[in-house]
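First the structure, in the form of structure tokens, and then the observations on it.
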Amino acid sequence: MKRALFSILGAMLLLSLYAQPSQEEKDPLLLEVKPAKLTPLKKDAFQWLENNMPEFSKISEKIWEFAEVAMEEYESAELLASYLEKKGFKVERGVAGMPTAFVAVYGSGEPIIGILAEYDALPTLSQKRLSHKEPVEEGEPGHGCGHNIFGTASTAAAVAMKEVMEKRGLSGTVKLFGCPAEETVVGKVFMARDGVFDDLSCCIQWHPSTENNVSLGSSNALNQFEVEFFGKTAHSAGDPWHGRSALDAIELTNVGLNYLREHLKPTARIHYVILDGGGAPNVVPDYARAWYYVRDIDRESVDKDYKRVLKIIEAASMMTETTYKIKFISGVHEMVSNRPGSEVVYSNLLLVGPPPFTEEEQTFAKEIQKNLGVEEKGLKTEIEPFKLPQRSWGSGSSDVAEVSWLTPTTSLGVAYKPIGTPGHHWGAVACGGMSIGHKSMMIAAKVMAASGLDFLAHPEIVKKMRVEWKKKKKGKEYKSPLPADLKPPIKAKSKK
Ligand SMILES: [Zn+2]
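Dropping the structure here:
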């Protein structure tokens, strides 16, 4: 009897271990959102965007060809700014002390809807529109993060909104922000410090992606800075006692940091590279320089971690009898997501649908994947489910986070990069410079214009967005992570 009972219990245990979750079981993080309705306003916007698609494709290809890196986006910024001007926007160039930053405004009064545009390329990623690696010019920059379609789609969305506002007599303001130097996490930080985003009711932005999605996730707060150590040179064998090694100071800093890791919260991330470590082993280096990132879950944690990092640098200089200088480059907050606003963007993504890639475009994407040794799945043609994030913090850092502390900000991702290809990669450069990129750009422009029109026509949505935003900020006011006297790292126009 006892034995029978045990075997029944055993069978039940086995069954429960191997039981598959039923098809009905729902993901607790999943959020239900229905597709938005195709209103006459949106119909107008979509029609206008489709009619003007060839011009936007041309603009995005030009920016792709300019391939200007952070703070050198002179041609790219001017192309977008002059287009907006031609379309009736009032453009202010050189905002926040950066020649390649601009703000283009149309309309008046509230709500004031912001749209973010980026256009910087990445060093060394030059690539032809081919499915195998082949640079246009070896070592030159390329658009490895799709910012050529980013900036153009945002501009297209802003002008589409303006056309509809004009035609239908809608009141309110659209502001397109030309944001330079995203890749160095710089542009929007200086714009935010200068109060450029202060009057917004809400803000829309997107990023070219592997997926078609609207994220409610966050990102890491960050401080990035360089340290220079100054020592005394000497012959490494002849009279090393006269030398004070700047490289030793960097090495001891790094040893200290690597011990510090154990006593930081698991969310902290510290990384570094040595930019200058001396010239030859037989000369004691009197100069050395390294670049550090300190990231964590939120601004307060980064501030705390950073204080301890500074102590280690100070200690390393004492140990080596060297002096040092810290050059603060930039800092950002963690991203504050906005659920009511994101729901609107997601409903419009469902309305517009994913990019309609052709068989030919899928084959091109699969060739890239083959050359990379990743699964040949092509480009994403589904929309990701709308979900609450699994954890409340992120991994990467973005200067969009600064905007999200100043106004409710929504994010959107549209596919243009083959599944499984890494970020900042030649494969992404190729796709962003051709029809694949144009299609992604058009979807992004439609979703952003439709969402912007929803925000303009329904002040109650913006009100809801602002209520949640205030709640999430927990009474904290935005304080720039930048030292008050820090100037933007302006670069001269490069000669090509
Ligand atoms: Zn990017």
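Quick note: the sequence shown, position 337, residue 337 per the numbering used here, numbers continuous. Beta carbons are placed, not taken as given, at the ideal position from N, Cα and C, and that holds for glycine.
Given this structure, state the Cα-to-Cα distance separating residue i from residue j, to the nearest angstrom.
| i | j | result |
| --- | --- | --- |
| HIS207 | ILE274 | 31 angstroms |
| LYS327 | LYS265 | 25 angstroms |
| PRO40 | SER201 | 24 angstroms |
| GLU314 | THR410 | 41 angstroms |
| PRO35 | SER215 | 17 angstroms |
| THR210 | PRO422 | 9 angstroms |
| GLU73 | PRO180 | 7 angstroms |
| ILE270 | TRP48 | 47 angstroms |
| TRP64 | VAL185 | 20 angstroms |
| ALA156 | ALA445 | 6 angstroms |
| GLY433 | GLY413 | 18 angstroms |
| LEU80 | ILE59 | 8 angstroms |
| TYR292 | GLY109 | 43 angstroms |
| GLY278 | PHE230 | 11 angstroms |
| LEU30 | GLU92 | 42 angstroms |
| LEU15 | GLY353 | The predicted model places LEU15 with a pLDDT of 48, which falls under 50 and marks its position as unreliable, so this point remains unresolved. |
| THR323 | LEU482 | 23 angstroms |
| GLU382 | ASN212 | 7 angstroms |
| PRO408 | SER171 | 20 angstroms |
| GLU300 | VAL467 | 23 angstroms |
| PRO285 | THR320 | 12 angstroms |
| GLY151 | ASP198 | 21 angstroms |
| LEU13 | GLU334 | Only weak support exists for where LEU13 lies, its pLDDT of 49 falling under 50; the value from the coordinates is given anyway. Cα to Cα, the separation comes out at about 45 angstroms. |
| LYS380 | GLN362 | 9 angstroms |
| SER398 | LYS87 | 30 angstroms |
| PHE46 | ALA249 | 59 angstroms |
| GLY437 | ILE149 | 7 angstroms |
Tell me whether residue i sits in a helix, a strand or coil according to DSSP, three-state version.
| i | result |
| --- | --- |
| TYR478 | coil |
| GLY114 | strand |
| LEU15 | At LEU15, the pLDDT of 48 sits below 50, so the modelled position is not reliable and the matter cannot be decided from this model. |
| ARG129 | coil |
| ARG391 | coil |
| CYS431 | helix |
| ILE497 | Nothing in the structure corresponds to residue 497, since the chain is present only between 1 and 496. |
| ALA157 | helix |
| ALA449 | helix |
| LYS380 | coil |
| VAL305 | Here residue 305 turns out to be Asp, not Val, going by the sequence shown. Helix. |
| ASP399 | coil |
| GLY331 | strand |
| TYR346 | helix |
| ALA192 | helix |
| ILE204 | strand |
| ALA290 | strand |
| LYS470 | helix |
| GLU27 | According to the sequence as given, residue 27 is Asp; it is not Glu. Correct three-state label for ASP27: coil. |
| THR320 | helix |
Please determine, among the options, the residue with the shortest C-alpha to C-alpha distance to residue i.
| i | options | result |
| --- | --- | --- |
| MET441 | TYR478, GLU55, PHE364 | GLU55 |
| ASP27 | LEU388, TYR74, ARG269 | LEU388 |
| ASN338 | LYS472, SER317, GLU78 | LYS472 |
| THR267 | ASP296, PRO483, SER245, TRP241 | ASP296 |
| LEU453 | GLU360, LYS58, GLU166 | GLU166 |
| ILE461 | GLU134, PRO111, LYS232 | PRO111 |
| ASP276 | ASP286, ALA290, ILE270 | ALA290 |
| ALA280 | LYS90, ARG269, ALA234, TRP241 | ALA234 |
| LYS491 | ALA101, PHE46, SER57 | ALA101 |
| ASP120 | SER347, SER76, VAL95 | SER76 |
| SER154 | MET318, LYS133, VAL174, ILE115 | ILE115 |
| THR253 | ARG308, PRO240, LYS304 | ARG308 |
| LYS133 | SER494, SER451, TRP426 | TRP426 |
| MET465 | VAL189, TRP405, MET53, ARG299 | TRP405 |
| LYS227 | GLU183, VAL95, TYR287, ARG168 | A quick correction: the sequence has Val, not Lys, at residue 227. Among GLU183, VAL95, TYR287, ARG168, the Cα nearest to that of VAL227 is on TYR287. |
| MET448 | PRO488, PRO489, SER342 | SER342 |
| LYS37 | VAL344, HIS242, PRO488, THR320 | VAL344 |
| LYS43 | PHE197, ALA160, LYS87, PHE386 | ALA160 |
| ALA96 | LYS232, ASP194, ASP305, ASN148 | ASP194 |
| VAL302 | MET318, SER330, ALA316, MET53 | SER330 |
| ILE113 | PRO489, LYS479, LYS463 | LYS463 |
Quick test of your reading: residue i and residue j, contact by CB under 8 angstroms. State the CB separation rounded to the nearest angstrom.
| i | j | result |
| --- | --- | --- |
| SER219 | ALA401 | 6 angstroms |
| ALA104 | LEU84 | 4 angstroms |
| ILE312 | LEU260 | 6 angstroms |
| ALA237 | ASN282 | 6 angstroms |
| ALA529 | GLY139 | Here the chain has residues from 1 to 496 only, and residue 529 is not among them. |
| PRO141 | PRO123 | 5 angstroms |
| VAL332 | ALA221 | 6 angstroms |
| LYS370 | ILE419 | Going by Cβ atoms, the distance from LYS370 to ILE419 rounds to 13 angstroms, so no, they are not a contact pair. |
| VAL33 | LEU350 | 7 angstroms |
Can you find a heavy atom of ligand 2 that lies under 7 angstroms from the Cβ of residue i?
| i | result |
| --- | --- |
| GLU182 | As far as ligands go, the structure on display features ligand 1 and does not contain ligand 2. |
Going residue by residue through the stretch 208-276, where are the continuous beta strand (DSSP E) segments of at least 3 residues, counting only ones entirely within it? Taking 3 residues as the shortest admissible run, the stretch 208-276 contains the following complete beta strand (DSSP E) segments, listed from N- to C-terminal end: 221-230, 269-276.
> Enumerated in chain order, which unbroken segments of the beta strand (DSSP E) with a length of 3 residues or greater are wholly contained in the stretch 62-99?
Replying inline: Counting whole runs of 3 or more residues, the stretch 62-99 contains the beta strand (DSSP E) stretches 90-93.
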